[in-house]
Amino acid sequence: MTSQQSASILSATNDALNTLPSDIDLKTYQDINCSCEDYLRQQAKLLSFKKHDVVSSEIIKSRARRAVELTEQGRLLHNKITIFAKYRVVLGGDYATKQTWFDEFLSNTQPLVGALQGKNFDSVEAWEKVIDNAYRYAYRKVNSILSSNVGFGMRVRTLTVQDLYERDYLELHHPPVPEIPQYIVYNSFGLQPPIVNNLGTHSLGTLFEPQDGIPCTPDFDRHFVYLPVKDKYAAFVRLGQVKCFPEDKGSVSRGYIRYWWNIISGTNEPIHDCRVVSELTADRSGFEMFQLDRIISNSVKREALAAKKQTVDVVAMRRREQAVEARDLLEDNNIPYWCSVGVWLYRDSVDQLERDVNDLIQRINPTSSVSRVEYTTEDVWFQTWPFEWESFLTKPDHRRQKYLAFQSLPMIPTVKVKQVDKKGVMLVTRELNTPIYLDIANRKNHTAIFGTTGAAKSNLMLEAIAEYLFYDYFAVIFDFPRPDGTSTYTVLAPLLEKLGVQVAYHNVRESVMNILEFPDLRHIKKAKEYQEQWEYVFHNHVELLCAIVIGTTLNAEREGLVKFLLTSCYADFHADETIKLRYQRAVLREGLVPAWA
Numbered sequence: 021m022t023s024q025q026s027a028s029i030l031s032a033t034n035d036a037l038n039t040l041p042s043d044i045d046l047k048t049y050q051d052i053n054c055s056c057e058d059y060l061r062q063q064a065k066l067l068s069f070k071k072h073d074v075v076s077s078e079i080i081k082s083r084a085r086r087a088v089e090l091t092e093q094g095r096l097l098h099n100k101i102t103i104f105a106k107y108r109v110v111l112g113g114d115y116a117t118k119q120t121w122f123d124e125f126l127s128n129t130q131p132l133v134g135a136l137q138g139k140n141f142d143s144v145e146a147w148e149k150v151i152d153n154a155y156r157y158a159y160r161k162v163n164s165i166l167s168s169n170v171g172f173g174m175r176v177r178t179l180t181v182q183d184l185y186e187r188d189y190l191e192l193h194h195p196p197v198p199e200i201p202q203y204i205v206y207n208s209f210g211l212q213p214p215i216v217n218n219l220g221t222h223s224l225g226t227l228f229e230p231q232d233g234i235p236c237t238p239d240f241d242r243h244f245v246y247l248p249v250k251d252k253y254a255a256f257v258r259l260g261q262v263k264c265f266p267e268d269k270g271s272v273s274r275g276y277i278r279y280w281w282n283i284i285s286g287t288n289e290p291i292h293d294c295r296v297v298s299e300l301t302a303d304r305s306g307f308e309m310f311q312l313d314r315i316i317s318n319s320v321k322r323e324a325l326a327a328k329k330q331t332v333d334v335v336a337m338r339r340r341e342q343a344v345e346a347r348d349l350l351e352d353n354n355i356p357y358w359c360s361v362g363v364w365l366y367r368d369s370v371d372q373l374e375r376d377v378n379d380l381i382q383r384i385n386p387t388s389s390v391s392r393v394e395y396t397t398e399d400v401w402f403q404t405w406p407f408e409w410e411s412f413l414t415k416p417d418h419r420r421q422k423y424l425a426f427q428s429l430p431m432i433p434t435v436k437v438k439q440v441d442k443k444g445v446m447l448v449t450r451e452l453n454t455p456i457y458l459d460i461a462n463r464k465n466h467t468a469i470f471g472t473t474g475a476a477k478s479n480l481m482l483e484a485i486a487e488y489l490f491y492d493y494f495a496v497i498f499d500f501p502r503p504d505g506t507s508t509y510t511v512l513a514p515l516l517e518k519l520g521v522q523v524a525y526h527n528v529r530e531s532v533m534n535i536l537e538f539p540d541l542r543h544i545k546k547a548k549e550y551q552e553q554w555e556y557v558f559h560n561h562v563e564l565l566c567a568i569v570i571g572t573t574l575n576a577e578r579e580g581l582v583k584f585l586l587t588s589c590y591a592d593f594h595a596d597e598t599i600k601l602r603y604q605r606a607v608l609r610e611g612l613v614p615a616w617a
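Counted from 1, the sequence shown has number 121 at position 101 by this note's numbering; the numbering is strictly sequential.
Okay, here's the thing in structure tokens:
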């Protein structure tokens with residue numbers, strides 16, 4: 021992501037956030053967990069796919085063992101972001117006295133003034149109006165803000181009632197997840213009859229039921245929370261006033277977008293088994309504008325008094341300038357937001373928890389005031405739940421900070437590794453150690469592996485070849501061997517033959533020509549003519565690469581995008597000093613045997 025791209029993203033997300041209605045809060049969760057369960061299930065399924073040869077079976081088993089090792093080292097992390105839109109509808113005087121949990125829920129959920137205050141509010145039609153309004157006003161608005169290209173531009177998936185229940189249940193329990201005791205469905209046909217799987221049992225009640233005789237309700241200490249079923253200790257670190265958002269690779273906008281990502285991923289070792297919780301509440305009261313007007317007015321009066329005394333009130337002048345600048349920002353539709361932000365850390369022991377909490381505080385401390393929550397861990401723990409309608413970090417003490425919209429954007433975790441495929445060859449990203457999969461055998465793709473000589477490109481290709489063997493697919497692998505004709509595959513081919521694999525190896529170098537070879541242009545003396553000829557060859561190579569990547573296509577937009585990317589990559593390739601030197605040596609035939617020329 022370039023600085024220009026990040027600036028464009030930041031501008032779009034800021035504009036989108038400023039359109040969020042004041043009665044909708046955004047509560048965001050970023051869960052960083054260390055697990056290899058999904059990958060182990062993939063390997064078990066692959067092992068049972070057919071009767072593999074000995075080497076293939078051992079490769080699959082070694083993959084599983086390596087995944088377990090990476091998990092134990094905290095190097096196989098999964099990053100999940102969940103965003104809840106909290107919308108309150110005040111239902112009127114009939115529910116001033118709260119009788120049940122449903123009344124409590126409804127009493128906290130901007131008025132539908134006329135229709136909802138009648139005596140027949142308990143009718144199905146009244147409920148449908150409430151839910152339909154919440155869907156049309158809140159859900160569709162937030163979904164558009166998050167998924168639109170002129171908004172956050174995120175790939176979003178709406179959670180079902182089962183997803184929501186499973187998420188909350190697994191907070192305090194181990195799988196399997198029981199059926200939801202009771203819930204109601206509202207669809208295009210209206211409000212449906214309640215679905216009851218366990219009469220007399222409340223859905224919230226099952227979240228706190230014991231499991232296998234072990235109570236799931238937490239034990240609260242002054243400094244941490246103990247979860248009996250999970251056998252984990254948790255502590256909460258609260259983010260205070262942010263002093264600055266550090267630049268990322270010299271870019272301010274990248275620093276804004278990657279603020280939490282850089283804290284969690286770190287420079288050497290990422291933080292795992294943690295949850296970042298943030299909540300944004302818009303403040304459209306106009307209080308800031310009123311305060312700024314007072315500051316400007318008072319500063320002008322102080323400057324006038326100073327002028328009568330033939331002096332200058334520097335403080336008043338500076339305060340007026342700052343207030344005018346801040347007022348301009350507010351008039352430019354930059355909405356103030358209350359922000360509540362913090363991190364839960366989960367560890368197996370108290371000692372480990374103490375060490376990692378201190379490490380997290382040190383990571384955040386240079387850019388923001390930060391503190392560990394003590395004595396009120398119980399309040400923070402309950403406020404963390406998505407069904408808690410009170411604003412986060414407001415009780416027992418108000419611990420929120422106020423920022424303008426563009427300043428509050430870094431408080432929302434929005435960066436994660438894009439998923440490529442759901443299975444296949446597993447690679448681990450350099451940042452945050454997140455697994456990504458390349459399903460080379462089952463999905464048509466163009467995968468390029470770049471690296472200097474001896475960088476283990478062939479070893480990575482062996483994984484791809486193994487995938488074809490696992491699924492009994494026919495594959496043709498092109499390899500340019502060393503000048504003496506030897507390569508990794510001259511050793512592999514006989515081994516595969518002994519295992520019963522039908523394989524043949526042919527030296528491609530003897531049968532192909534290099535269509536991307538640069539001609540010798542030393543005979544051209546004029547610089548302008550030389551540059552024109554070089555650019556002609558360069559663009560010809562780009563056209564060839566484009567044909568290799570996408571072939572022929574009627575999609576002009578896609579062709580233009582691919583050509584732009586190839587041009588940028590190929591230009592960077594030829595701008596590299598080591599590549600320039602290799603081309604010069606190839607033209608001069610210095611230190612190269614004829615087979616490499």
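Ideal placement from N, C-alpha and C gives every residue a C-beta, glycine not left out.
- Straight across, the Cα-Cα distance linking Arg295 with Ser164 is about 25 Å.
- When DSSP assignments are scanned along the segment 326 to 410, the uninterrupted stretches of alpha helix (DSSP H) that are 4 or more residues long and fall wholly within it turn out to be 334 to 351, 370 to 384 and 397 to 404.
- By the CB criterion at 9 Å, Leu581 and Leu536 fall outside the cutoff.
- Secondary structure note for Glu148: it is in no beta strand (DSSP E), and the uninterrupted alpha helix (DSSP H) holding it is Val144 to Asn153.
- Linking Tyr590 to Gln553 through their CA atoms gives a straight-line distance of about 16 Å.
- Each residue's CA atom was taken as its position, placing Met446 and Arg95 some 13 Å apart.
- Here the C-alpha atom of Lys106 lies approximately 50 Å from the C-alpha atom of Leu489.
- DSSP lists no beta-bridge partner residue for Val181.
- Residue pairing by DSSP places Cys54 opposite Leu97 in a beta bridge.
- With distances taken between CA atoms, Pro356 lies nearest to Glu308 out of Glu341, Glu308 and Ser391.
- Restricted to the segment 238 to 280, the beta strand (DSSP E) segments that are unbroken, complete and at least 3 residues in length are 245 to 247 and 252 to 262, listed in chain order.
- The segment 426 to 437 and the segment 274 to 287 touch, with three or more beta-carbon pairs separated by less than 8 Å.
- For Val445, the enclosing beta strand (DSSP E) has its first and last residue at Val445 to Val448.
- DSSP places Lys422 inside the beta strand (DSSP E), whose first and last residues are Gln421 to Leu424.
- Distance from Asn34 to Ala425 at the Cβ level is roughly 6 Å; contact confirmed, criterion being Cβ atoms closer than 8 Å.
- As the crow flies, the alpha-carbon of Val249 is around 54 Å from that of Glu577.
- Contact between Ile204 and Pro214 holds: their C-beta atoms lie close to 5 Å from each other, under 8 Å.
- For Arg605, there is no enclosing beta strand (DSSP E); the enclosing alpha helix (DSSP H) has its first and last residue at Glu597 to Leu608.
- By the C-beta density criterion, Glu487 is buried, having at least 16 other C-beta atoms within 10 angstroms.
- Between the beta-carbon of Pro539 and that of Val557 there is about 7 Å, and that keeps the pair under the 8 Å contact cut.
- No Cβ-Cβ contact shorter than 9 Å links Tyr49 with Ala87.
- Contact annotation: Asn53 and His292 have beta-carbon atoms nearer than 9 Å.
- Per DSSP, reduced to three states, the secondary structure at Gly580 is helical.
- Within the same chain, and ignoring the five residues on either side of Pro416 in sequence, the residues whose Cβ sits closer than 8 Å to its Cβ are Thr396 and Asp399.
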